[in-house]
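Chemist: Quick note on the working numbering: the sequence shown kicks off at 6 and runs consecutively.
Even glycine gets a Cβ: it sits at the ideal position worked out from N, Cα and C.
Mind looking over this structure? Questions follow.
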Amino acid sequence: ILPQKGTEAPNTGNYIHYDAQGVYDCAACGIPLYKSSTKFSSGCGWSAFLDAIPGAVSRHEDWSRIEITCSA
Numbered sequence: 006i007l008p009q010k011g012t013e014a015p016n017t018g019n020y021i022h023y024d025a026q027g028v029y030d031c032a033a034c035g036i037p038l039y040k041s042s043t044k045f046s047s048g049c050g051w052s053a054f055l056d057a058i059p060g061a062v063s064r065h066e067d068w069s070r071i072e073i074t075c076s077a
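In structure tokens, the structure reads:
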């Protein structure tokens, strides 16, 4: 998650098939965002998580999607 809202192409990120236990941090500021225990395969081509660490991310909804950004 980056403030500029950029992303890699689907199925190309370093962590799409990564399954080690730990915490996923924001690439820009380093705050913890997700615990690996909440990661699941959604089939969309990007890492997906059931829930974020409380207060770590902001959800921005529009008519077609939910965009996730770091709260810092």
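Leaving aside the five residues before and after K10 along the sequence, list all residues of the same chain whose C-beta is less than 8 Å from its C-beta, in chain order.
Modeler: Counting only Cβ-Cβ distances below 8 Å, and skipping sequence neighbours, we find E72 and T74.
Chemist: Excluding sequence positions up to five away, which residues of its chain have a Cβ less than 7 Å from the Cβ of N16?
Modeler: Excluding residues within five positions, the ones whose Cβ falls inside 7 Å are G50.
Chemist: Are K44 and V28 closer than 8 Å when you measure CB to CB?
Modeler: No, they are not a contact pair.
Chemist: Can you give the Cα-Cα distance for S47 and I21, rounded to whole angstroms?
Modeler: Their Cα atoms are separated by approximately 10 Å.
Chemist: Below 6 Å CB to CB, which residues in the same chain sit around P37 once its five sequence neighbours on both sides are set aside?
Modeler: Once the five neighbours on either side are set aside, the close Cβ partners of P37 are V28, D30 and I58.
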